[in-house]
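This report refers to the structure that appears directly beneath it.
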Amino acid sequence: MSLSGKVAIVTGGNSGIGKAVVLALAAAGANTVIDYVVDPDATEDLEKQIVALGDKTLAVQADVSKVSDLQMLVDKAVEAFGRVDIMVNNAGIETRTSILDTTEAQYERVMEVNLKSAFFGTQIAARQMIAQGGGGRIINMTSVHEDWPMPGNTAYCLSKGGMRMLTRTAGVELGPHGILVLGVGPGAVATPINASTMNDPGKLKTLDAAIPLGRLAQPEEIADVVAFLCGDGASYMTAATIFVDAGIMHSSPGL
Ligand SMILES: NC(=O)c1ccc[n+]([C@@H]2O[C@H](COP(=O)([O-])OP(=O)(O)OC[C@H]3O[C@@H](n4cnc5c(N)ncnc54)[C@H](O)[C@@H]3O)[C@@H](O)[C@H]2O)c1
């Protein structure tokens, strides 16, 4: 599969799943725009890895919870590479707080970083794709929790449930423009967002035991699916979520 000549933006692209997505898209030949908010050193290391692959890349510091930063991100991608073909709305956070304890500030932050960013990331990228012509791909990094309750993480589940309907509705609305909108719903992935579980042997054993394949995913196992969805092989897919969860949604009553 080749993404040669394509330009891809990945939000939250300097760590975890986002970093693996940047590398997978670059390995397929795309020019990448790495959005980040923290850790410029990790971003610089990633830029070097991409240049070593022979691709062009640009790092942009942009807080995706702000519409003005998202607009600036897309504008910088167009300034550097002339177009945007792929937008991966990947940035996300969680609070792991019960509905009984979640504060207004926690609720608003989760919704802004996860859902508002995906809504306006979709809008701004789609406007650019329509203006330049030729369609495009928008990938929303949702979660099994777009559909599967996670007690103690209600705001997160709500944001991912919103991304589920964003993916479906925007997919229908943007289909006539040749813009395909797809969700990728990971199960449990070995990334910094799961550090507290991975650093607790008891919790990790329980989680591994609940997963039919017996282990967390590596970020690359999610990124390879994203790369496929950005390529020619996924030309008849839109308004749907592809779960990459080793069957966990069907095997456990909720973790
Ligand atoms: N790891 C998992 O088990 C798992 C499972 C399902 C879904 N996901 C989703 O995958 C996505 C990536 O998470 P991850 O596991 O790689 O964790 P991560 O913490 O490594 O990545 C999250 C990224 O988002 C960035 N980010 C946070 N706030 C931001 C903001 N305001 N603007 C721009 N970037 C911001 C972070 O800096 C980081 O780079 C998230 O949307 C998460 O909900 C992860």
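If you're matching positions, the sequence shown starts at 73 in the numbering used here and goes up one per residue.
Beta carbons are placed, not taken as given, at the ideal position from N, Cα and C, and that holds for glycine.
On a predicted model such as this, the values are computed, not experimentally measured, just so you know.
Here the alpha carbon of Glu293 sits roughly 26 angstroms from the alpha carbon of Ala149. For Ala262, the secondary structure class from DSSP, reduced to helix, strand or coil, is coil. Within its own chain, the residues whose Cβ lies closer than 8 angstroms to the Cβ of Ala96, once the five positions on either side in sequence are excluded, are Glu292, Ala295, Asp296, Val298 and Ala299, listed in chain order.
Here Asp107 is buried: its Cβ has 16 or more other Cβ atoms, across all protein chains shown, within 10 Å. For Asp135, the shortest C-beta to heavy atom distance toward ligand 1 is below 6 angstroms.
A distance below 6 angstroms between beta-carbons, with the five flanking residues on each side excluded, links Met321 to the following residues of its chain, in chain order: Val216 and Trp220. In this structure, Gly164 has its CB closer than 6 angstroms to one or more heavy atoms of ligand 1. Lys188 and Ile165 have their C-alpha atoms spaced approximately 12 angstroms apart.
Close CB contacts of Ala152 within its chain, under the 6 angstroms cut and outside five residues either way in sequence, are with Leu130 (chain order). Of the candidates Pro248, Asn162 and Ser76, the residue whose Cα lies closest to the Cα of Met235 is Asn162. Scanning Ser87, Val93, Gln121 and Gly77 for the CA closest to the CA of Ala102 turns up Gly77. Here the C-alpha atom of Arg240 lies approximately 27 angstroms from the C-alpha atom of Ser87. Counting only the Cα atoms, Pro284 lies some 29 angstroms from Gly303. According to the DSSP assignment, Gln133 belongs to the beta strand (DSSP E) that extends over Thr129 to Gln133.
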